[in-house]
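Quick note: the sequence shown uses this note's numbering, first residue 22, plus one each step. Everything on this sheet refers to the single structure shown next.
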Amino acid sequence: MENSAKKKSTLYEAAWDMEYTRADGALAVSLLAVGFLFWELVSLFRPGAGTVIFTGIVCSVSVIYLNHKGYRQNKRSLIGLVVIVLSSAVFLIFDGYLEKQLNLLFIMAAFVQWIALTTGSTIENRLSGYSLIDLLYQSFARGLGNLPCLPSILAKHIKQKKAGKGTAAALLGILIMIPILCAVIMLLVRADPAFDHWMGSIKKAVSDEFLIYVWYFVLGIPVACYLCGLIRGSVEKHPSAMEKTKVDRAFERIRIAPAAAVCSSLAALNLVYVIFFLAQTSYLFSAFRQILPEHMTYAEYARHGFFELCAVTAINLAVIFAAKLLSQEGRGKLLRIEVILLSVFTLALTVIDLSKMVLYIQSYGLTRLRIYTSIFMIFLFIVFLIILLRQVRPFQAGRAVILAALICFFGLCYGNVDGQIAKYNMGQYLAGNLELMDRASMEALSDGAVPYFFKAYREASDEEDAQLLYAVITGDSAGSMAQVPEKEDIKTFNLQQYRAQKIRKEIKPPAGTGGRQLLF
Numbered sequence: 022m023e024n025s026a027k028k029k030s031t032l033y034e035a036a037w038d039m040e041y042t043r044a045d046g047a048l049a050v051s052l053l054a055v056g057f058l059f060w061e062l063v064s065l066f067r068p069g070a071g072t073v074i075f076t077g078i079v080c081s082v083s084v085i086y087l088n089h090k091g092y093r094q095n096k097r098s099l100i101g102l103v104v105i106v107l108s109s110a111v112f113l114i115f116d117g118y119l120e121k122q123l124n125l126l127f128i129m130a131a132f133v134q135w136i137a138l139t140t141g142s143t144i145e146n147r148l149s150g151y152s153l154i155d156l157l158y159q160s161f162a163r164g165l166g167n168l169p170c171l172p173s174i175l176a177k178h179i180k181q182k183k184a185g186k187g188t189a190a191a192l193l194g195i196l197i198m199i200p201i202l203c204a205v206i207m208l209l210v211r212a213d214p215a216f217d218h219w220m221g222s223i224k225k226a227v228s229d230e231f232l233i234y235v236w237y238f239v240l241g242i243p244v245a246c247y248l249c250g251l252i253r254g255s256v257e258k259h260p261s262a263m264e265k266t267k268v269d270r271a272f273e274r275i276r277i278a279p280a281a282a283v284c285s286s287l288a289a290l291n292l293v294y295v296i297f298f299l300a301q302t303s304y305l306f307s308a309f310r311q312i313l314p315e316h317m318t319y320a321e322y323a324r325h326g327f328f329e330l331c332a333v334t335a336i337n338l339a340v341i342f343a344a345k346l347l348s349q350e351g352r353g354k355l356l357r358i359e360v361i362l363l364s365v366f367t368l369a370l371t372v373i374d375l376s377k378m379v380l381y382i383q384s385y386g387l388t389r390l391r392i393y394t395s396i397f398m399i400f401l402f403i404v405f406l407i408i409l410l411r412q413v414r415p416f417q418a419g420r421a422v423i424l425a426a427l428i429c430f431f432g433l434c435y436g437n438v439d440g441q442i443a444k445y446n447m448g449q450y451l452a453g454n455l456e457l458m459d460r461a462s463m464e465a466l467s468d469g470a471v472p473y474f475f476k477a478y479r480e481a482s483d484e485e486d487a488q489l490l491y492a493v494i495t496g497d498s499a500g501s502m503a504q505v506p507e508k509e510d511i512k513t514f515n516l517q518q519y520r521a522q523k524i525r526k527e528i529k530p531p532a533g534t535g536g537r538q539l540l541f
């Protein structure tokens, strides 16, 4: 307990004892502005063009400071920067909900990794299986571990100026008194009506926007502290970079499972799969022949066992990872054979799952869950294929998995999920193969679906369907046009949203309504 407290104290003392230059002071002040802009420009729920602007600002500030410290962009860091640019472009182009929220988390992680690549703070100077360890170390040990860096920079620069000590003391006194002042003012407001009226007048004189900006600045301080600790900690290698030999030794120490126990466990699991496939051959492979088993509908067949097979696939991945990690003979021949067999069985299960999903989509259309599940299953298929090939011939499997994850993730982000759902379902509806989506399902989609709803609206022959599509597009069940804001919020603006607003301005009510109230 005493050692951990001493270590924490040493960490904070190190931040205050460092020597800082003018460039460090400029970085600290710039990052305070960046912290404010994070809350001013980035929407956590529907990030848009503001996130692109913020990304450009924080990357520019980082590049200028890193160049000044002698860390120029190299081949690896430039690739990381390209990934950040591609990721940020999603916010400007698309309007999908979940994809953009996932992308916001991704771009934060990509920024942390980019700083590590620029400053040479990675375990290996390339994309590898150690990259996840690099990311975690950068995020926590350097980002959170160096939080006192920014206040220490500002404090030392203030002390260097004339009357700096007095200024620092005055600022400290104000900060300490803020909660006391708030408590006293609240009590006096309750005690005296005249004082209450006077404080109300002051509150009216101060605009709500000013108070919001003050709040943004306060919330931006932790953001600025984190970024300063991350960037300067990477430059100064504080704490020191992780060494590959130490990481490898740490992994060797957790290889505690006897090889015989691991191999026998995998053999038992493989035997279960052999029996399973022999017993279910005709049923499982019906999806390939587009043939339904007797007494089952498409929905029943596609759903029956689908998510169970998905769970089994995920369990197999965890089992292989644990076996490779814990086995005392991580590269033994028998273990490789067992992993190959388990990978083959899992690949077969994945293909069957995907075939059933295709059959289900052809019969009932696309939904977000069906697309997300399909992409995840494709990713798992690639991962198990990499695992299988890795047992046959050694190569950088970790790098291949990361690249596969990036491709699948960008496929999700740039795939325009909501647009593809509307495009496929509306196309099948116009072709007479599917019924029109229900209103709740259509309204749940983002503005990326509006152009395809508009196309179906213009070509719909059924009056009730046309009225429903009109109501969904305009967002108005009474038949009048939805109000289009004169100025888009920069936080949430994107091109799909802009295109949808143009359609809402141009769309005409369905012929035959005569301006009367619509049915929806």
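All C-beta atoms in this analysis are idealised placements derived from N, C-alpha and C, irrespective of residue type, glycine included.
### Query
From this set, Ser285, Thr143, Glu273 and Ala492, which residue's C-alpha is nearest glutamate 464's C-alpha?
It is Ala492 whose Cα lies nearest to the Cα of glutamate 464.
#### Entry: Option nearest asparagine 167 by Cα separation, candidates Asp374, Val283 and Lys258
Looking at the Cα atoms, Lys258 is the closest of the given residues.
### Task
Please state whether DSSP places glutamine 522 in a helix, a strand or coil.
Note: glutamine 522 maps to helix in three-state DSSP.
### Task
Return helix, strand or coil for alanine 70, following the three-state DSSP convention.
Alanine 70: helix per DSSP, three-state reduction.
### Query
In terms of residues, what are the limits of the alpha helix (DSSP H) holding glutamate 40?
Where glutamate 40 is concerned, there is no enclosing alpha helix (DSSP H), given that its DSSP letter is neither H nor E.
### Reduced DSSP category for alanine 278 - H, G, I as helix; E, B as strand; rest coil
It is a strand residue.
### Query
Quick one: any contact between the segment 368-378 and the segment 329-338, if contact means 3 or more CB pairs under 8 Å?
By the Cβ criterion, the segment 368-378 is in contact with the segment 329-338, since at least three pairs of Cβ atoms, one from each stretch, lie closer than 8 Å.
### Task
With a threshold of 16 other CB atoms inside 10 Å of the CB of serine 64, please say whether the residue is buried or exposed.
Answer is buried; the Cβ neighbour count reaches 16.
### Query
Is DSSP giving lysine 508 helix, strand or coil here?
Interpretation of lysine 508 is limited by its pLDDT of 41, a score under 50 that renders its predicted location unreliable; the figure taken from the coordinates is listed afterwards. If DSSP states are grouped into helix, strand and coil, lysine 508 belongs with coil.
### Task
Look up serine 83 in the DSSP assignment and say whether it is helix, strand or coil.
DSSP places serine 83 in helix when its eight states are reduced to three.
### Task
Using the DSSP secondary-structure output, state which residues sit across from serine 348 in a beta bridge.
In the DSSP output, where bridge partners are listed per residue, serine 348 has Ala278.
### Query
Using DSSP with H/G/I as helix, E/B as strand and the rest coil, what is glycine 166?
Coil, per DSSP.
### Query
So the alpha helix (DSSP H) alanine 492 belongs to, where does it begin and stop?
Where alanine 492 is concerned, the enclosing alpha helix (DSSP H) starts and stops at 484-495.
### Task
May I ask you to report which of helix, strand or coil DSSP gives leucine 102?
Leucine 102 falls in the helix class under three-state DSSP.
### Query
Three-state secondary structure (DSSP) at leucine 370?
Residue state, collapsed to three classes: helix.
### Helix, strand or coil at isoleucine 179 according to DSSP, with G and I counted as helix
Judged by DSSP in its simplified three-state form, isoleucine 179 adopts helix.
### Query
Can you tell me the Cα-Cα spacing of glycine 436 and arginine 420, whole angstroms?
Distance between the alpha carbons of glycine 436 and arginine 420 is about 23 Å.
### Query
Using the C-alpha atoms, what's the distance from proline 260 back to aspartate 544?
Absent from the model: residue 544. The displayed extent of the chain is 22 to 541, so no value can be given.
### Task
Write down the C-beta distance between isoleucine 528 and isoleucine 494 rounded to the nearest angstrom, noting that I regard them as a contact closer than 8 Å.
About 6 Å; that satisfies the 8 Å criterion.
### Message
Below 8 Å, how does it come out for the segment 399-415 and the segment 81-90: are there three or more Cβ pairs, yes or no?
### Response
The segment 399-415, when compared against the segment 81-90, does not touch it at the 8 Å Cβ threshold.
### Message
Please list the terminal residues of the continuous alpha helix (DSSP H) segment that includes threonine 139.
### Response
For threonine 139, the enclosing alpha helix (DSSP H) begins and ends at 118-140.
### Query
Who are the Cβ neighbours of isoleucine 524 in its own chain at under 6 Å, not counting the five residues just before and after it?
Contacts found: Val471 and Phe475.
### Query
CB-CB under 7 Å to leucine 433, same chain, minus the five flanking residues each way: which ones, in chain order?
The residues are Glu120 and Ile396.
### Query
So glycine 432 is in the alpha helix (DSSP H); what residue range does that whole segment cover?
Where glycine 432 is concerned, the enclosing alpha helix (DSSP H) stretches over 418-435.
### Query
Tell me which same chain residues have a C-beta within less than 6 Å of the C-beta of glutamine 159, skipping the five on either side of it?
The answer, listed in chain order, is Val133 and Ala137.
#### Entry: Residue nearest to leucine 401 in terms of C-alpha spacing, selected from Tyr237, Thr367 and Val103
It is Thr367.
#### Entry: Distance between lysine 180 and alanine 425 (C-alpha atoms, nearest Å)
Rounded to whole angstroms, alanine 425 to lysine 180 spans 51 Å at the Cα level.
### Task
Classify lysine 224 as helix, strand or coil using the three-state DSSP reduction.
In the three-state scheme derived from DSSP, where H, G and I count as helix and E and B as strand, lysine 224 is classed as helix.
#### Entry: Endpoints, alpha helix (DSSP H) assigned at glutamate 230
229-257 is the extent of the alpha helix (DSSP H) around glutamate 230.
### Task
Starting from the C-beta of phenylalanine 75, find all residues in its chain whose C-beta is less than 7 Å away, skip the five residues before and the five after it, and write them out in chain order.
Answer for phenylalanine 75: Leu58, Phe59, Leu62 and Val63, listed in chain order.
### Query
Below 8 Å, can you find three or more Cβ-Cβ pairs linking the segment 443-456 to the segment 383-396?
By the C-beta criterion, the segment 443-456 is judged to be in contact with the segment 383-396, since at least 3 inter-stretch pairs fall below 8 Å.
### Query
By Cβ distance below 6 Å, which residues in the same chain neighbour leucine 248 in space, the five residues on each side in sequence not counted?
Counting only Cβ-Cβ distances below 6 Å, and skipping sequence neighbours, we find Leu52.
### Task
Give a yes or no on whether the C-beta atoms belonging to alanine 54 and phenylalanine 514 are separated by under 8 Å.
Their beta carbons are not under 8 Å apart, which means alanine 54 does not touch phenylalanine 514 by this criterion.
### Query
For the candidate residues Pro530, Trp219 and Arg276, whose alpha-carbon lies nearest to that of alanine 344?
That would be Arg276, whose Cα lies nearest to the Cα of alanine 344.
### Task
Mark glycine 117 as exposed unless 16 or more other C-beta atoms lie within 10 angstroms of its C-beta, in which case mark it buried.
The residue is buried, with at least 16 neighbouring Cβ atoms inside 10 Å.
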